Structures are given as C-alpha cells and as structure tokens.
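Residue numbers (the numbering used here), protein chains in the order written: chain A, 1 to 177; chain B, 1 to 257.
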Amino acid sequence: MIKKISSVLIVTFFISTGAANPKTFYDLGYKWKTDQGKTVTLKSFKGQKVVATMVYASCQTACPLIIKKLQKVHEVLSKHKVAAQFFIVSFDSKRDSYKKLGHFKMHNDLNEDNWTLAVGSEADTRAYANILGIKYSQNPESGEIMHDNKIILIDEKGKIVKSIEGLDASIEKEDLF
Amino acid sequence: MPRFLVYLVILTFGHTFQVFSSSPAEIPAGSFTPLFGLDKNQKAFRVDAFLIDRTPVTNSEFNQFIKTHKDWRRSQKTSLVADQNYLKHWRADGPSIKQLHLPVTNVSWFAANDYCTWKGGRLPSTLEWEYVAAADSKKADASKDPEFTSKLLKWYEKPSGDENPRPVGANGENFYGVKDLHQLIWEWTYDFNATFVTADNRQDGDKMKNFFCGSGAINANSREDYAAFMRYAFRSSLGASFTVNNLGFRCAYDKKN
C-alpha cells in the first residue's frame, strides 16, 4: 500500500514540475494571469487552434495596428466558421497588470469569448517570446519596448504552423489555417 | 606519461581546481556605453553590481544538471526548445572524459536558461556581458584600445571548425578576474536577440541600418569596436532553439544585499 502511494506521489511530482522539454505548444509550463484575473497555462487551450501575438498596453505606435490586424484575422476565421482562441500576451510584465489589460481589451472592443489577454513573469514572458520567435527589448531607463510584429498560428495539435509578419492588415483565408 | 595517468590527474586535480575557481566574480556597478540599444538622447546605461561565473559552464557541470533534469538528456531533445544538434558532441547521454573540462556547446538558449535557473542564477544580460567583456587584463574598458580589439578580431576571423577545443580557464583573467570571455567560444546572453528587431517596426529604420549597411560599424557608438559589432551580429542571427558547436554560456547572479 505504502509502495503504491509513494509511486503515485512520484508520478504526480514529475507531472507537476511541468515539462522542461515540451513536445507541443500546450505543454509549455508558463503561467499567465488573464484579463479576468484567472491564472492559466497554455494547457487550457489544448485541442484548439490558437492565434497568438504579443503587445503591451501603453504602446502607442505599432500595437494598435497589430490589434487591428488581429481583428481582421478574427473576422476572416469567423466568416469561415473556423474556431480559434486569440491569445495576446503582454511584453511589459513590470507595468501591465491584469486590470490594465482588461481596460485595454475593452478599449479595443475585443469582446467575444475567444479573446484572452494575459501577463506573466518576466522570465516566462522572455522564454515564451523565444518560443514564438518574437524579439523584443525594453530600454532599461525609459521603459520603452522595441518589438517584432508577428502573429503566430498554432494548430489543434499544438504545432506552430505559421508566423505572419508585419502590420499590413490585408488577410485572406489562405493566409491562415 | 601513460594516457590513463593523464586522465587520473585531470580527474583529481581538475576537480580541485574547479572548487577553487568556482566562486563567481563580483562585478561592481558602473556605467557602460554598449554598441547598440541606446536611444538618441542616451549616452550610457547604468549597470548594477552583479556576480558572474569566472569561466564558461563545462560539459562536466552541464552533465550534473542533466542527472537531475532528465528532460534535458541528449536523447530527449525536441524541436520546440532545442534543435537536432543538441549536445551532438557527446557520444552518449554524457560527455567523454576528454570533454569534461571543455566548455559545453551545442546547447540551446532554453537549456542554458534552465541550467542557470537551477544554479540559482540567470543568464547575463547582453549589457552585463559586454560590460565585463570590455575589460582587458589591466583596465575595465579596453573596447577603444586597438590592440585589444584587433586581437579579438583575429580570433573571430578563424574558421570555427572542430580544431582542438581547449579546457575552460586556460586564458588569462581579465580586470575583473573573469576568463574566457573571448577566444574560446561564443556565449548566450539572456536577451541575445533583443537588439535586432525585424518586421516593419516603423521607427526602426535607423537601427536596421546599423546592421545592413556595409559601413555598419560606423553608425554604431564606437568605430573601433568592430569586435563587439561581430558579437551583436552573431547573437542576432540566432534563434533560441539553435545549437551551435562553438556556442556555450556562463551564468550571472543578482547581488544579494
């Protein structure tokens, strides 16, 4: 009996440490706080298509444009009845609280259920951006962030299938899944 | 001396040497003008005091990490966090005796990052790494010294190949007591790719020019420091899952007050 319990404990220990060597997008152990204040991991998207990008709330220049482009993606996918989750992570783990992201979401009319904005620790944010191939740097003194503008498409198996670069918002179904 | 005796000596004294040299070097706070990253109105960044490993992480040290982090075994590699050449110089799931004190290479950013976290540290930022690497044996900032930079450039010019790699610690120490920042391997930094922002980030025209124009280094902060320019360009060409046969790392640590 004791043997059984301890082996169960060992198994759960290995599972709960998360995968240092993730096989799919959903296995990445990073923790996020959503605009609703909930703590989630990417596991919550398991089996679904994900459209991912990164922005930050105080961004004046490129971010409104990438949100516009994302809304266009949303529109095209809805029109073709393709279900997907839209997951936007903040670059600015220091200054973007989940509440601030909530305001950002409202302000940009990202109302449907499949929009999620989220913020995580600095370390998780950096590693996640590296998985997506999104480069960024924060000026340590001004706090300003320079970053790539990319939209990443993940299929329902958790495989990164496409990276759409740039701010040009002309999107067709063929460009997507 | 018979070969096994050499190994015995390496095993015994190599280990002792490791213990003596293992406490990281203390790097005092200061101000530093990196080649890239400053806004137009900025002259220099402040660097806070921190600690950094005196030598790059060795195959032996990395193997210790793998013993408790089986997910990072050579045979467990996946495409998300390490490419197919991960630890390819190891014959099996561990280094050979000859490789023990050589710097570990063929490791991805994710592997290096996890190793440093396990050690209670982190990868040094590019700013921190460049700050320490600007020192020669006598002064903290030799980046404008043509003798220093031309020596580095000579190493960069050599083709990488598999020419006899040297154990860590064989080069002399710099002003801070840190070794092997140059002329052994390239090293990962925490924000290795941060300088080179692609896609059409609209205000970045000038920054892109620093890399693309033939006279790129002229636009950078210091014309003399072409060696630093090479490092920024190399780092910018990497993806976080890449593994390269002459790219390793060392860890940094926050200073506890």
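We treat Cβ as the ideally placed atom computed from N, Cα and C, and that holds for glycine.
Treat the numbers as computed from the prediction; the structure is a model and nothing was measured.
Beta-carbon spacing of residue i, residue j below 8 Å
| i | j | result |
| --- | --- | --- |
| Lys72/A | Ile152/A | no |
| Leu127/B | Trp188/B | no |
| Phe36/B | Val47/B | no |
| Ala112/B | Phe234/B | no |
| Thr195/B | Val107/B | no |
| Phe87/A | Thr116/A | yes |
| Ser125/B | Asp225/B | no |
| Leu101/A | Asp148/A | no |
| Gly133/A | Ser90/A | no |
| Tyr190/B | Val132/B | no |
| Phe50/B | Asp254/B | yes |
| Ser150/B | Pro95/B | no |
| Tyr56/A | Asp109/A | no |
| Phe192/B | Trp109/B | yes |
| Val119/A | Tyr98/A | yes |
| Asp181/A | Tyr30/A | The displayed coordinates of chain A run from 1 to 177. Any statement about residue 181/A would go beyond what the structure contains. |
Three-state class that DSSP yields for residue i in the structure shown
| i | result |
| --- | --- |
| Arg235/B | helix |
| Lys105/A | helix |
| Cys58/B | Position check: residue 58/B holds Thr in this sequence, whereas Cys was assumed. The answer is strand: DSSP assigns Thr58/B an E or B state. |
| Pro146/B | helix |
| Gln84/B | coil |
| Ala25/B | strand |
| Arg46/B | strand |
| Ala123/A | helix |
| Gln183/B | coil |
| Asp155/A | coil |
| Lys138/B | coil |
| Asp200/B | Interpretation of Asp200/B is limited by its pLDDT of 40, a score under 50 that renders its predicted location unreliable; no figure is taken from the coordinates. |
| Ser170/A | coil |
| Lys38/A | coil |
| Ala258/B | Chain B is shown only over 1 to 257; residue 258/B falls outside these bounds and no answer can be derived. |
| Leu28/A | strand |
| Leu35/B | coil |
| Ala194/B | coil |
| Trp234/A | This structure cannot speak to residue 234/A, because chain A is shown only from 1 to 177. |
| Ala129/A | helix |
| Lys150/A | strand |
| Leu247/B | strand |
| Leu51/B | strand |
| Pro22/A | coil |
Limits of the beta strand (DSSP E) - the one that residue i falls within
| i | result |
| --- | --- |
| Trp72/B | Premise fails: Trp72/B is in no beta strand (DSSP E) and is neither H nor E. |
| Val89/A | Gln85 to Ser90 |
| Phe32/B | Gly30 to Phe32 |
| Lys33/A | Trp32 to Thr34 |
| Gln138/A | Tyr136 to Gln138 |
| Ser142/A | Note, Ser142/A: premise wrong, no beta strand (DSSP E); not H, not E. |
| Thr53/A | Val50 to Val55 |
| Asp254/B | Ala252 to Asp254 |
| Glu165/A | Ile160 to Glu165 |
Endpoints, alpha helix (DSSP H) assigned at residue i
| i | result |
| --- | --- |
| Phe78/A | The identity of residue 78/A in the sequence shown is Ser, whereas the question assumes Phe. Residues Ala62 to Lys79. |
| Asp297/B | Residue 297/B lies beyond the stretch modelled for chain B, which goes from 1 to 257, so this question has no answer here. |
| Tyr131/B | Thr126 to Ala133 |
Under 8 Å (Cβ pairs) to chain B, residues found in the region 97-131 of chain A: Ala123, Arg126, Ala127, Asn130 and Ile131
Residues from the region 132-158 of chain A in contact with chain B, defined by Cβ distance under 7 Å: Gly133, Lys135, Tyr136, Ser137, Asn139, Pro140, Glu141, Ser142, Met146, His147, Asp148, Asn149 and Lys150
Taking contact to mean at least 3 C-beta pairs separated by less than 8 Å, is the region 50-60 of chain B in contact with the region 69-79 of chain B? no
Would you be able to state if there are at least three C-beta pairs under 8 Å between the region 106-120 of chain B and the region 80-89 of chain B? yes
Is the region 39-47 of chain A touching the region 65-80 of chain A in the sense that three or more CB pairs, one from each, lie closer than 8 Å? no
Relative to chain A, which residues along the region 54-71 of chain B have a C-beta separation below 7 Å, given in chain order? His69 and Asp71
Interface residues of the region 46-71 of chain A facing chain B [CB-CB below 7 Å]: Thr61 and Ala62
Can you find at least 3 beta carbon pairs, one from the region 22-31 of chain A and one from the region 56-70 of chain A, that sit closer than 8 Å? no
Within 9 Å of chain A by C-beta, residues of the region 81-99 of chain B in sequence order: Val81 and Ala82
So if I threshold CB-CB distances at 8 Å, which residues from the region 163-194 of chain B count as touching chain A? Tyr190, Asp191, Asn193 and Ala194
Listed from N- to C-terminal order along the chain, which residues in the region 233-249 of chain B have their beta-carbon within a distance smaller than 9 Å of any beta-carbon of chain A? Ser236, Gly239, Ala240 and Ser241
Listed in chain order, which residues of the region 99-113 of chain B have Cβ atoms closer than 8 Å to some Cβ of chain A? Trp109, Phe110 and Asn113
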